[in-house]
Each structure stands twice: as C-alpha cells, then as structure tokens.
Amino acid sequence: MTGRRARLPGAVAPTLRHLAVAAALVVAACATPPPADPGATRKPVWPAPPDVARYAWEATLRSPADVGAGDDEDSRRRRQLTGEAPPTDRVLEKPAAVAARGGRIYVTDTVERHVLAFDVPRRRVFRFGLRAPGTLRKPTGIALDATGRVYVSDATLRKVVVYDGLGLYQRTIGSPDELVRPTGVAVSPDGERVYVIDRADNESDEHRVVVYDAEGRRTGGFGRRGEGPGEFNIPVQAAVARDGTVYVLDAGNFRVQAFDRAGVYLRQFGAPGRMPGTFSRPRSIAVDDDGLVYVSDATFGNVQVFKPGGELLIAVGEIGPRDLPGRYALPAGVSVDETRRLYVVDQYFAKVDVIRRLPDTR
C-alpha cells in the first residue's frame, strides 16, 4: 500500500521527487517478478494515445514503502546485513475518503476506525483518531482547510472531529443533538464555513447540509428530502470551490448540485444512466483550484471530470478485476491537492492512486 498553467511552488517540489522514488520502490520490493503483462507495467494516461494526454498515473499508495519509509542509509545497511525486507505491509483495510495538501495524504478507514496519513516529503506514515478525546468510531468524510487542519465526519459519533496536521485533537463540531448521520464534510477556502452532509435513514426528510462557522457554532443549513432543485436524496459528499461555490453530490438523484456560500441553489448537472456524463453509483466529489469537478462512480470504475457548468471533460481510470495502476473495482473517495494531483481511493483493492493532471488541461 502502503485553468491556468502554473509553476509548482518550491515547497511542494519534494512531493514529485518522492512519489517518483515511491513508484520505483514498489518494483524494487518485489522479490519475484510477476509474469509478463503489458497492462501491469504500463503507466496509463488519459485519454489514451494517440490523443494528447491530460492525466497520467504517477504512483500507488498502500504501504510505508510507497513513500520511501525506512529507506534511509541506516535502514538500507541493516537490511543488507540481516536480509530484512523493506516495509511493504499494507496499512489500509477499508479506505473511504481522502484529502491531500502539502504532500500529506489523509485517508479515513472505516474498519480500522482511524485516519492514516502518508507524509510523502518526510517519508513516513502515521495514524490518528485512536485516542481520547479524538477517538473515532466510523470516520467517513474528510476535508482540510487552508492552514492544514483536518476535519473528519464520524457517522457513528454524529459529529465532526478536528485535528491539526499531525493528528493532534483540536475540537469537535456538531453533536448528536444536531446531526443524524454525518457522511461528509467540506470547508470553505477561508476556513470560515464548515459544511456537513447529514443524511438520516431513507424514510426521513433530513437529507441536508448543516453549516457551522469557524468556531463550530451552527449558523444554518439548506436542503431537505426531495427531487426538486435544492432538494436531496441520499447526499453523500460535498466540495467547495475557490470562489465559494458548494458542490453537493446528490447520489440518490444521480446529480451534482451547486449552491452559493449561503446555500442558495445555482445549478445542477448529471442524470441516471450508463453513458459518459451520467451517473450510476456516484461515491465522492472533489473540486480543484481551477474549478474542475471530479466525481467517482463505483459502477463505471472511474472518475469523471466536469467543467464548472457541468460539461464533461474526460473520464480518468477504468473498471477492472485486476489491481493495476488506474484500474478500479470499487472507487470511493477522491481529492485534488494544490499541485493539481488527483487522489483516488479504491476500497476493494485497498489503495490510493496518485494521478497527475498535466499542464494546460482545462
């Protein structure tokens, strides 16, 4: 296991180098090469040649070895003397949601009941949410604010738990008196608004978004059960664009709805179907700094990329029964960081794929 063309910030540059090293480590760690398989060795790009590539697979995260953990000089010497294998044990059981910033990739795990962090620049893996007062029971959604704070919605605890970037508990947002079943969380770019996707059972009208301020005070909300504009049927996740637009993945209505920062309905796109641009089993949503919207779909086994108005740009990934780069059996959480890298969780293969968005993709 583990748009505008812009120059990558210097502080993030180590991420690219370490991810390249990580991909090489996966190959080096295999004692016995698998049978020759063109699909297993190729590095997929989307769209496929001869079209000009817009997205390219870069790495897969499953274990500490995938970020170079234990690859310092002392560790290498110890392995040479003792024959010890590199640290390749998988550390994800049932990953659900993902968020990334500054070279740290945070993944919620609903079976292990914690958040796992791949710290790529520091070549380490750590976990949190296992100790009081920040103990987690069923972490579902996850989001980051501009300062690197981590927000985790917990469907069993019926609240959002906030940590710093190292996983140290900060505070709690919401309570069982206010939330029924929080499945997702999103934070405005300025950190002033926290949007919690709250979904009751299928017989209830409480399919909604609850809004809190930066101090954790409830300030309002929007939505109810229904099929009309601004109504929801099984909302699952949300994402906030740089301009403050809130995108809600309304899974039971097979659509994405957009709202302004006050919760006023703006537009929607998507429909039920099996053709590009439609949805069959949408699971998660993300938005990048250029306003592109990413939606994973478990039936299609891919991530569809839309322009802000809902025009389909491309589909990234393919469905497949074999665990290969860019192949998914049960895609779930998606996230995009400040370097325009896309992170895709697959629950069946228990992995996170890192996919680089190439320059001039709009």
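Just so we're aligned: 249 in our numbering is position 263 of the sequence shown, and the numbers increase by one with no gaps anywhere. Just so you know, even glycine gets a beta-carbon here, dropped at the ideal spot from N, CA and C. Nothing here was measured: the structure is a model prediction, and the numbers come from that model.
Straight-line measurement puts the Cα of Thr264 at about 14 Å from the Cα of Val279. In this chain, Val53 is not harboured by any beta strand (DSSP E), its DSSP state being neither H nor E. Separation of Pro30 and Gly312 (C-alpha to C-alpha, rounded to the nearest whole angstrom) is 7 Å. In this structure, DSSP gives Asp346 a state outside helix and strand, which the three-state scheme calls coil.
A direct Cα-Cα distance of roughly 21 Å separates Val340 from Asp131. For Asp283, the CB contacts under 8 Å within the same chain, skipping 5 residues up- and downstream, are Phe265, Ser266, Arg267, Pro268, Arg269, Val289, Gln290, Pro317 in chain order.
Under a 10 Å Cβ-count criterion, Glu297 is classified as exposed, with fewer than 16 other Cβ atoms of the shown protein chains found around its own Cβ.
Beta-carbon to beta-carbon, Val226 and Pro175 are separated by about 7 Å, close enough to satisfy the 8 Å threshold.
When C-beta atoms of the region 117 to 125 are compared with those of the region 163 to 177, fewer than three pairs fall below 8 Å, so the two segments do not count as touching. By the Cβ neighbour-count rule, Arg157 is exposed, with fewer than 16 other Cβ atoms within 10 Å of its own. Annotation for Val281: Pro268, Ile271, Gln290 place their beta carbon closer than 6 Å to its own, counting only its chain and skipping 5 residues before and after.
For Ala129, DSSP records a beta bridge to Tyr137. In the DSSP assignment, Asn288 falls within the beta strand (DSSP E) that extends over 288 to 292. Scanning the region 238 to 264 from its first residue to its last, the whole beta strand (DSSP E) runs of 3-plus residues come out as 241 to 245, 251 to 255.
Going by DSSP, Pro168 is part of the beta strand (DSSP E) stretching over 168 to 173.
Thr126 sits close to Thr94, with the two beta carbons spaced by under 8 Å.
Partner residues in the beta bridge of Gly206, as assigned by DSSP, are Val197. About 16 Å separates the Cβ atoms of Val146 and Gly134, ruling out a contact at the 8 Å cut-off.
Check the Cα spacing between Ile220 and each of Arg108, Glu192, Tyr233: the tightest is with Glu192. When secondary structure is reduced to three states using DSSP, Glu44 falls in the strand class. Judged by DSSP in its simplified three-state form, Arg63 adopts helix. In the displayed model, Gln223 falls within a strand according to three-state DSSP. Around the C-beta of Arg228, fewer than 16 other C-beta atoms lie within 10 Å, and the residue is accordingly described as exposed. DSSP places Tyr334 outside both helix and strand once states are collapsed to three, so it counts as coil.
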